[in-house]
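Top to bottom, those sequences are chains G and F.
1 is the number of the first residue of the first sequence in the working numbering; add one for each residue after it.
1001 is the number of the first residue of the second sequence in the working numbering; add one for each residue after it.
For glycine and all other residues, C-beta sits at the position ideal for the given N, C-alpha and C.
All figures in this text were calculated on a predicted structure; none of them were measured in a lab.
2 protein chains.
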Amino acid sequence: MSQSLDRALAILGELADGPRTLDQLAETVDVHKSTVLRLLRTLEGRQFVQRSDPRHYRLGVTLFDLASRALEDRDVRRLVEPELRALNESTRHTVHLASYEAGEVVYIDKFDGQHSVRMYSRIGRRAPLHCTAVAKVLLAALPVADQRAIANRIGYERRTPNTITNPADYLAELAKVAADGYAVDNAEHEEFIHCVAAPVRDANGAVVAAISISVPKMMLDFDGLLGLVPELLRATTAASADCGAVPVGAGPVLGVGKNTLGTTTQGEAI
Amino acid sequence: MSQSLDRALAILGELADGPRTLDQLAETVDVHKSTVLRLLRTLEGRQFVQRSDPRHYRLGVTLFDLASRALEDRDVRRLVEPELRALNESTRHTVHLASYEAGEVVYIDKFDGQHSVRMYSRIGRRAPLHCTAVAKVLLAALPVADQRAIANRIGYERRTPNTITNPADYLAELAKVAADGYAVDNAEHEEFIHCVAAPVRDANGAVVAAISISVPKMMLDFDGLLGLVPELLRATTAASADCGAVPVGAGPVLGVGKNTLGTTTQGEAI
DNA sequence: CCCTCTCGTTGCATAGCGTGCAACGGACAT
DNA sequence: ATGTCCGTTGCACGCTATGCAACGAGAGGG
């Protein structure tokens, strides 16, 4: 709808892959370099980009500032952070917090494990829907009609031998997750890593986020992974309480919940 | 230089403070609401913003993605992260990694302390130059001429009774920092918190970043804070080694350094 | 139940502004 | 010294972003 803005956003996307020169940008975005130059200058004026050396541009500090400020505003993230951190410290494994938004599952927080096995995840990254435990948890909470719609438009890229690659199996898996109250990724996403995830609920009982634990297989076998489930559920229960959910049993209440910070929970919470 | 883009960036800045309606944005940015609507649509198309409910817009996931990808690209951050984490775990205090760019000092990484005293810092945020330990460390490494220029254009906002509020005192402080090899913020920034910081150097001996430890005064008195300096210096020495600096004594070398990851350090590193 | 007020949305006509072109100039290498 | 590569600038054209005004949906009050 706005040509120049759209081009500028394309430039930002390109710069995310690393510093670029003016010419490189002009070519990949397919815009005359003088135009790119002027857009970059505007971006530079607000420090959305900065020059690393006379001929290379890269993303600037405003972007970091915006992103982290916005992340803090996400209610769930702030409320759940202590539990997430505690889970990371007690298990010493990598833990993620993810939420569902507009058809996608996004990592909104993360604490790395003590064992520095590089994992391909990052705050802000979208999680594949068909092969991650967090996505299964979040999708399992949706109406079945929505699940079907989503299941039919997924690409089902095969990442490992264990990856689920068709809608029928996936829907069955979601049903199992809903019944179990937690989800497993049995090395379906990355060959050597498996995960368990469980939902975080708000005062209305709605699933607002998912917490997962990721473990290298060489460190813990599948039964060992399942052994982490009670600890995971303890964390998600506590996290749900922080989000206003009633402590135990006794289904959702109608009134407005109070969380541990004394602030009232907002319906808008993601 | 580009009107529509500039307005769009202003909108993003506004949205960083929380969800806004179309009218609110139109008013604060001072643009006709139909124009704002069209800009928002373009931003929405690339998920730089998304609607939280039918009438509220907020920052979208692309922004998080871009920011964290760009952060990972910052060499120093990736190289130093293990040391920063280790320092956080051994001291149990809040630790920051900051770097100097284009006249500003920016936090590029952070691990919160175990004691949940809320601190007003955040990745991507600019650190005040006159009252933070990291800024003192980074500025103390600049040529004296640059220091003078910077010292004369600082606002010297008084944050606490201890804040340095004039160029002369500030330049003297920088000289002391350069001589000591570390900097102190004696509750100059926030009333109840004091910090120590030290520089991280690359293969050429250039200061590429600063690491700080922040401690509530009620938890540790000033002498106790200074007692952390050896541990801090141990961390920054290790961090410098990771950045390619030669392990000990023997000033900077001329050749290209090798860091622990086996990659050669880049001159571009911030 | 209707009225009104608010706020998001759309169509349209204007001209402001972004665009591409071509030429300039500095840096670097041959 | 000469050539090449890239960033930069001035300019004229016309696309496209803009403001206006009217429409419409939704909420709240009378």
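query                                                                                                                  : result
Length of the line joining the Cα atoms of A210/G and D1169/F                                                          : 51 Å
Euclidean distance between Cα positions of E1083/F and V1215/F                                                         : 18 Å
Distance between beta carbons of A1016/F and L1059/F, contact taken as under 8 Å                                       : 6 Å
Alpha-carbon spacing of T1094/F relative to V208/G, whole angstroms                                                    : 29 Å
Burial state of N88/G, where buried means 16 or more other Cβ atoms lie within 10 Å                                    : buried
Where the alpha helix (DSSP H) containing T237/G begins and where it ends                                              : V229 to D242
Short CB-CB distance (under 8 Å) between L225/G and chain F                                                            : no
Chain F within 8 Å of R20/G, Cβ atoms only                                                                             : no
Assumed close pair K217/G, A187/G - CB separation to whole angstroms, cut-off 8 Å                                      : 6 Å
Minimum length 3: unbroken beta strand (DSSP E) runs contained in the segment 120-200 of chain G                       : 183-190
Rounded separation between A1026/F and H1032/F - CA only                                                               : 6 Å
Beta-bridge partners of V207/G, as assigned by DSSP                                                                    : R201/G
Chain-ordered neighbours of I123/G on chain F, where CB pairs are closer than 8 Å                                      : F1064 and S1068
Collapsed DSSP secondary structure at S99/G in the structure displayed                                                 : strand
Meets three-Cβ-pair contact criterion under 8 Å: the segment 1095-1105 of chain F and the segment 1220-1228 of chain F : no
Cβ-heavy atom distance, P1128/F to the ligand ZN, below 7 Å                                                            : Of the ligands one can find in the structure shown there are none, so the ligand ZN has no counterpart to examine.
Beta-carbon gap between G124/G and D1073/F smaller than 8 Å                                                            : no
Residue range of the alpha helix (DSSP H) that includes S949/F                                                         : Residue 949/F lies beyond the range of chain F shown here (1001 to 1270); nothing can be said about it.
Span of the beta strand (DSSP E), counted from its first residue to its last, around K110/G                            : E104 to F111
Continuous alpha helix (DSSP H) stretch holding R20/G: start and end                                                   : R20/G -> no alpha helix (DSSP H), and no H or E assigned at all.
Same chain only: Cβ atoms within 6 Å of C1195/F, ignoring 5 sequence neighbours per side                               : A1133, D1185, S1212 and S1214
One or two residues paired with V215/G in a DSSP bridge                                                                : H194/G
Within-8 Å CB hit, L1079/F to chain G                                                                                  : no
Under the three-state DSSP convention, the category S34/G falls into                                                   : helix
Short CB-CB distance (under 8 Å) between S101/G and chain F                                                            : Per the sequence presented here, residue 101/G reads as Glu, with Ser not at that position. Judged by the 8 Å Cβ criterion, E101/G is in contact with chain F.
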